[in-house]
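Residue numbers (the working numbering): 111 to 370.
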């Protein structure tokens, strides 16, 4: 069975795309068949893997609006051992075009049902907003949501909003949706604020917070501009080591079939 996760947070700049790209790269590096779905019109996951979103003819848009075949439109990144259903500028118009579509929140879920078993992992990079695109991802996320949280002021406020969204999705669209894990990102061990935020989030979400913490690391920031995941760009950097550990922790929890 394919594990399908949405990586989401209604707050922007928390490391969603960084987490999607690098988790996927380490999963692929372990020989696991991995697909990234870029459902964010900004297309940062697409460009972060070395593709020019302005030159891509078919994208997640075609799957959502034209009921296109994921297998047909997924791009293979042989070097990084993963596939990508990319974003392109068309995706920016999908929000408006989906409004009058019957079953609009289930379009992605239905598309992924057709490729169940083709991949070991599917990771969906969501927009930083509660939109029809995000709702499609949350409805399709059969194994839960991974929530990156920046170790900054007001982190919990954004999480409260997301928790309310999750409750609504559980009630109306996907009763099985659960928080698979909270990932603390951009941690700066030199600051009291980072330590305080980690403490507060752990108090609130308990065992659902991953033990692995992603540090603030310049190599992680640089890698997307070179179109490479961190395990290729700077494999010995603190950021690379952290995402390698996070991947192992995710896999261990999935194998045990119980919360982190």
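Beta carbons: idealized from backbone N, C-alpha and C, even for Gly.
Just so you know, these numbers come straight off a predicted model, no measurement behind them.
6 Å CB neighbourhood of residue i in its chain, flanking five on each side removed
| i | result |
| --- | --- |
| residue 324 | 295 and 352 |
| residue 192 | 134, 138 and 144 |
| residue 245 | 215 |
The ligand NAD heavy atom lying under 7 Å from the CB of residue i
| i | result |
| --- | --- |
| residue 283 | Of ligands this structure carries none, so the ligand NAD is not represented either. |
Assigned exposure category for residue i - 16 Cβ within 10 Å defines buried
| i | result |
| --- | --- |
| residue 256 | buried |
| residue 293 | buried |
| residue 203 | exposed |
| residue 336 | exposed |
| residue 121 | buried |
| residue 162 | exposed |
Own chain, CB closer than 7 Å to residue i, minus 5 neighbours either side, in chain order
| i | result |
| --- | --- |
| residue 125 | 258, 260, 295, 296 and 324 |
| residue 339 | 131, 132, 135, 190 and 333 |
| residue 128 | 330 |
| residue 386 | It is not possible to answer for residue 386, since the shown part of the chain is limited to 111 through 370. |
| residue 214 | 208 and 242 |
| residue 290 | 115, 253, 254, 255 and 256 |
| residue 322 | 352, 355, 356 and 359 |
| residue 312 | 319 |
| residue 265 | 259, 307 and 311 |
| residue 148 | 155, 156, 170, 194, 195, 196, 197 and 235 |
CA-to-CA distance, residue j to residue i, given in whole angstroms
| i | j | result |
| --- | --- | --- |
| residue 355 | residue 362 | 11 Å |
| residue 369 | residue 288 | Any reading at residue 369 is ruled out, since the residue's pLDDT is 44, under 50, leaving its predicted position unreliable. |
| residue 263 | residue 309 | 13 Å |
| residue 239 | residue 276 | 13 Å |
| residue 229 | residue 150 | 21 Å |
| residue 169 | residue 185 | 9 Å |
| residue 303 | residue 272 | 22 Å |
| residue 357 | residue 226 | 21 Å |
| residue 187 | residue 194 | 7 Å |
| residue 222 | residue 201 | 18 Å |
| residue 344 | residue 281 | 43 Å |
| residue 305 | residue 298 | 8 Å |
| residue 181 | residue 224 | 9 Å |
Cβ-based neighbour list, residue i, same chain, cut-off 8 Å, excluding 5 preceding and 5 following
| i | result |
| --- | --- |
| residue 347 | 327, 329, 330 and 340 |
| residue 167 | 198 |
task: Can you check the stretch 124-155 for any beta strand (DSSP E) of at least 3 residues that lies completely inside it and give the ranges in chain order?
output: If we require 3 residues or more, the beta strand (DSSP E) runs fully inside the stretch 124-155 come out as 144-148.
query: For the stretch 304-316 against the stretch 232-251, are there 3 or more C-beta pairs whose distance is under 8 Å?
result: Contact fails between the stretch 304-316 and the stretch 232-251, because fewer than three Cβ pairs, one in each stretch, are under 8 Å apart.
message: Measuring CB atoms only, is the stretch 140-159 touching the stretch 229-245, in the sense that at least three cross pairs come out at less than 8 Å?
response: Three or more pairs of CB atoms, one per stretch, sit closer than 8 Å, so the stretch 140-159 contacts the stretch 229-245.
task: Examine the Cβ distances between the stretch 210-230 and the stretch 167-177 and report whether three or more of them are shorter than 8 Å.
output: Short answer: they touch.
task: Only counting runs of 3 or more residues, tell me where the beta strand (DSSP E) segments fall wholly within the stretch 160-195, in order along the chain.
output: 185-187 and 192-195, all fully within the stretch 160-195.
task: Tell me the start and end of each unbroken alpha helix (DSSP H) in the stretch 263-318 that is at least 4 residues and wholly inside, in chain order.
output: Within the stretch 263-318, the complete alpha helix (DSSP H) runs of at least 4 residues are 265-282 and 302-315.
task: At 3 residues or longer, and completely inside the stretch 209-257: list those beta strand (DSSP E) runs for me, N to C.
output: The qualifying runs are 231-235.
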